[in-house]
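Read the structure below first, then the notes.
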Amino acid sequence: ARALQHVFFAERQISKVVGVDAPPRPIESAAVIGAGTMGGGIAMCFANKGIPVTLVDKSPEALETRIGGIRAAYEANVAKGKLSEDKLGARMRCITTATSLDDPACST
6 ARALQHVFFA
16 ERQISKVVGV
26 DAPPRPIESA
36 AVIGAGTMGG
46 GIAMCFANKG
56 IPVTLVDKSP
66 EALETRIGGI
76 RAAYEANVAK
86 GKLSEDKLGA
96 RMRCITTATS
106 LDDPACST
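When you line the sequence shown up against our numbering, it's residues 6 to 113, in that order.
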C-alpha cells in the first residue's frame, strides 16, 4: 500500500515543471503523418473532439484505405447506437487527407 501511495503522489509531481507557469494553448488543428492503424486512430481522436485533422501519407491508396477504415469504425458505432449519423458526418468532415506536408491543408 505504501508503494502505491508513493506512485500516486509521484505521478502528480511529475506533471509539474518547476519555473514554468504558462497556460495550456488550445489545439486548433492537427496533422498526423502516416495513414497506418496508429495514424488513423490518432486522427479519430482529434475528430472525436471536433478538432480538424489532416492525415498525411505519401500513398493515396493508403489514405483511401484508412479513410474507409475510419468510416467503417464510426458506422459500427452508429449500428450499436453509440453514435448518431449526424456525429458520424461531423467527425468525418473533421478529417482531410494530403500526400505531402507541403499541401495547403497542412498549413492550417
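Built from N, CA and C at the ideal position, the CB exists for glycine as well.
Note that the structure is predicted; figures quoted are calculated from it, not measured.
For residue i, three-class secondary structure by DSSP
{"i": "Leu93", "result": "helix"}
{"i": "Val61", "result": "strand"}
{"i": "Thr101", "result": "strand"}
{"i": "Val37", "result": "strand"}
{"i": "Ala84", "result": "helix"}
{"i": "Ala27", "result": "coil"}
{"i": "Ile56", "result": "coil"}
Proximal residues to residue i (C-beta, below 6 Å), its chain only, five neighbours per side dropped
{"i": "Ile32", "result": "Ile56"}
Classification of residue i by the beta-carbon crowding that lies within 10 angstroms, buried from 16 upward
{"i": "Asp107", "result": "exposed"}
{"i": "Phe14", "result": "exposed"}
{"i": "Thr59", "result": "buried"}
{"i": "Cys50", "result": "exposed"}
7 Å Cβ shell around residue i - same chain, five flanking residues per side excluded
{"i": "Lys92", "result": "none"}
{"i": "Arg76", "result": "Met97"}
{"i": "Glu16", "result": "none"}
Chain-order list of residues whose beta-carbon lies under 8 Å from that of residue i (same chain, five-residue window excluded)
{"i": "Lys21", "result": "none"}
DSSP beta-bridge partners of residue i
{"i": "Ala110", "result": "Its beta-bridge partners do not exist; DSSP assigns none."}
Continuous alpha helix (DSSP H) stretch holding residue i: start and end
{"i": "Ile47", "result": "42 to 53"}
{"i": "Gly8", "result": "A small correction: the amino acid at residue 8 is Ala; Gly does not occupy that position in the sequence shown. Its alpha helix (DSSP H) spans residues 7 to 19."}
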